[in-house]
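Trainee: So that we are looking at the same thing, I have put the structure below in structure tokens.
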Amino acid sequence: MKRFPLAVVVALAAATACSSTATSAGQGESASAQGAKIAFLMPDIASTRYELYDAPLFKAKMKELCPTCEVLYQNAGADAAKQQQQANSALAQGVKAIVIDPVDSAAAATIVQSAQAQKVPVIAYDRPIPAAKADYYVSFDNEKIGSLIAKSLVDEVNNKGAKGGLLVVNGSPTDAAAGLIKKGIHTSVDASGLKLLAEYDTPGWQPNKAQEWVSGQIAQFPGQIAGVVAANDGTGGGAIAAFKAADTPVPPVSGNDAELAAVQRIISGDQYNTISKPIKIVAEAAAVIANDFAQGKKPAAKTTLFDTPSELFTPTVVTKENVQKELLGPDGALKVADVCTDAYKAACDKLGIK
């Protein structure tokens, strides 16, 4: 697989003369946090969200909380060994906290242990690290995501009276969050009464791998696939591409992440659902927690998962019926102008999206 290493170091610094003003304004920067370095380590570029949303939103919130702090952002390009190197580099630079969305949840245990040995707290972001107890975990409820997208799709298949069974396209087998989503999917699929035709764990969440696998299932189960439960928008997009390449009708296909391309597919009728989990919520929560750790504070747990203090947010299923309300309103994650391009204008008009 071609690697896409990306190492971007962004310094969010303000003049010392301004920092006291920011602090007095209640932005929360203490003397111990001034000038602190915070590592923000993301897993891949297969999903566009990390570059477009997670990193910019985290940086912006950190700048608000701690104007003199420095965010060290790097993306591992789906390479667990590279992520280990990035974490080691961050520790060598004296970071006060590491926020990490692990490429490989098991391998990331070494990063947790190395950081904690140097008294550097680790915040697991989006994906948990079950093999080592991180200092905090912040995410949307991944098991809930799985159950919601699957239940929504099962209901659609049953409402349409479609004949046949389901394909399930899970996420990466090395991602503990994917395991939680998979567990949630099965709670809905197993109780649906619909036959599970086949299931696949997608290496690295790669859409092309999902497409390749679904293509094989279309050949194996001609005319029998009533729906596809895909664990995210990338794998869902791969599944849809497989049906189109086979020149066969696309059944209901689920997704997760509310990526721009997926929202356009929902509006055009190619994808059935996705999940609205405003990344701003998680990115800003992670920044608050990282800032607390940088100040020597211990953030309170809202709940516990994998014996780790956690904060888990509840997501929302999005279909064409509520896409405008959930994603395209004044405070929505996406802009109508970006979604309703020329290719999708007619579909947007049909749904009353303007």
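What the sequence shown shows, in mature numbering (1 follows the signal peptide of the UniProt record, and there is no 0), is residues -24 to -1, 1 to 330, in sequence order. Using N, Cα and C, we set each Cβ at its ideal position, and we do this for glycine too. As the structure is a prediction and not an experimental result, all values here were calculated from the model.
I'd like the span of the beta strand (DSSP E) that includes residue 175, first residue to last.
Mentor: 171 to 177
Trainee: Which parts of the region 271 to 327 are runs of the alpha helix (DSSP H), unbroken and 4 residues or longer, counting only runs that do not cross its ends?
Mentor: 299 to 303, 312 to 315, 321 to 326
Trainee: Enumerate in chain order the residues of its own chain whose CB-to-CB distance from residue 191 is below 6 angstroms, with the five nearest sequence positions on each side excluded.
Mentor: 218
Trainee: On the three-pair Cβ rule with 8 angstroms, is the region 232 to 252 touching the region 266 to 278?
Mentor: no
Trainee: Which term fits residue 279, buried or exposed, when burial requires 16 or more other beta carbons within 10 angstroms of its beta carbon?
Mentor: The residue is exposed, with fewer than 16 neighbouring Cβ atoms inside 10 Å.
Trainee: If the criterion is Cβ atoms closer than 8 angstroms, does the pair residue 116 and residue 258 meet it?
Mentor: yes
Trainee: Quick check: what's the CA-CA separation for residue 283 versus residue 96?
Mentor: 19 angstroms
Trainee: Kindly indicate which three-state DSSP category residue 1 falls into: helix, strand or coil?
Mentor: Low confidence applies to residue 1: its pLDDT is 35, below 50, so where it sits in the model is not reliable, and the reading given next is rough at best. Reduced to three states, the DSSP call for residue 1 is coil.
Trainee: Leaving out five residues before and five after residue 203 in sequence, what residues of the same chain have Cβ atoms less than 6 angstroms from its Cβ?
Mentor: 129, 133, 142, 227, 228
Trainee: Grouping DSSP H, G and I as helix and E and B as strand, with all else coil, what is residue 235?
Mentor: coil
Trainee: Between residue 119 and residue 144, how many whole angstroms is the CB-CB distance? I'm expecting something under 8 angstroms.
Mentor: Not really, about 15 angstroms apart at Cβ, beyond 8 angstroms.
Trainee: Under 8 angstroms by Cβ, that's how I've got residue 199 and residue 178 pegged, so tell me the actual separation to the nearest angstrom.
Mentor: Actually they do not touch by this definition, with Cβ atoms about 24 angstroms apart.
Trainee: In chain order, what residues of the same chain have a beta carbon less than 7 angstroms from the beta carbon of residue 182, not counting five sequence neighbours either side?
Mentor: Close CB contacts of residue 182 within its chain, under the 7 angstroms cut and outside five residues either way in sequence, are with 22 (chain order).
Trainee: Could you tell me whether the Cβ atoms of residue 33 and residue 255 are closer together than 8 angstroms?
Mentor: yes
Trainee: With a threshold of 6 angstroms on Cβ separation, who are the neighbours of residue 214 within its own chain once the five nearest residues in sequence on each side are excluded?
Mentor: 183, 186, 187
Trainee: Pull up the distance between the alpha-carbon of residue 75 and that of residue 112, whole angstroms please.
Mentor: 9 angstroms
Trainee: What are the complete beta strand (DSSP E) segments, minimum 3 residues, inside the region 52 to 98?
Mentor: As summarised for the region 52 to 98, the continuous beta strand (DSSP E) elements at least 3 residues long and confined to that stretch are 73 to 76, given in chain order.
Trainee: Kindly give me the distance between the Cβ atoms of residue 172 and residue 165, rounded to whole angstroms, as I take these residues to be in contact under 8 angstroms.
Mentor: 6 angstroms
Trainee: Just to check, is the beta-carbon of residue 28 closer than 7 angstroms to a non-hydrogen atom of the ligand SAM?
Mentor: This structure simply doesn't include the ligand SAM, nor any ligand for that matter.
Trainee: Checking 8 angstroms against the spacing of the C-beta atoms, do residue 293 and residue 234 come in under that value?
Mentor: no
Trainee: Would you kindly work out how many angstroms separate the C-alpha atoms of residue 196 and residue 223, rounded to a whole number?
Mentor: 15 angstroms
Trainee: Is residue 245 buried or exposed, if buried means 16 or more other CB atoms sit within 10 Å of its CB?
Mentor: That one is exposed.
Trainee: Using a 10 Å radius around the Cβ and a threshold of 16 neighbouring Cβ atoms, would you call residue 106 buried or exposed?
Mentor: buried
Trainee: Evaluate residue 169 with the Cβ neighbour count: other Cβ atoms within 10 Å of its Cβ, from every protein chain shown; 16 or more gives buried, anything less gives exposed.
Mentor: exposed
Trainee: Find out if the Cβ-Cβ distance for the pair residue 303, residue 243 is shorter than 8 angstroms.
Mentor: no
Trainee: How far does the alpha helix (DSSP H) with residue 118 in it reach, from first residue to last?
Mentor: 118 to 136
Trainee: Count the other CB atoms, across all protein chains shown, that sit within 10 Å of the CB of residue 89; report buried if there are 16 or more and exposed otherwise.
Mentor: exposed
Trainee: I'd like to confirm the pairing. Which residues does DSSP put opposite residue 114 in its beta bridges?
Mentor: 101, 287
Trainee: Between residue 127 and the rest of its own chain, which residues show a CB-CB distance below 6 angstroms, the 5 nearest in sequence each way excluded?
Mentor: 164
Trainee: Note down the Cα distance separating residue 271 from residue 13, rounded to an integer number of angstroms.
Mentor: 12 angstroms
Trainee: Considering only the beta carbon of each residue, do residue 78 and residue 19 sit closer than 8 angstroms?
Mentor: yes
Trainee: State yes or no: is the C-beta of residue 85 within less than 8 angstroms of the C-beta of residue 108?
Mentor: yes
Trainee: Go ahead and label residue -5 buried or exposed: buried means 16 or more other beta carbons lie within 10 angstroms of its beta carbon, across all protein chains shown.
Mentor: Caution is warranted here: a pLDDT of 34 is assigned to residue -5, below 50, making its placement in the model unreliable, and the coordinate value is therefore given only provisionally. With fewer than 16 Cβ atoms within 10 Å of its Cβ, residue -5 is classed as exposed.
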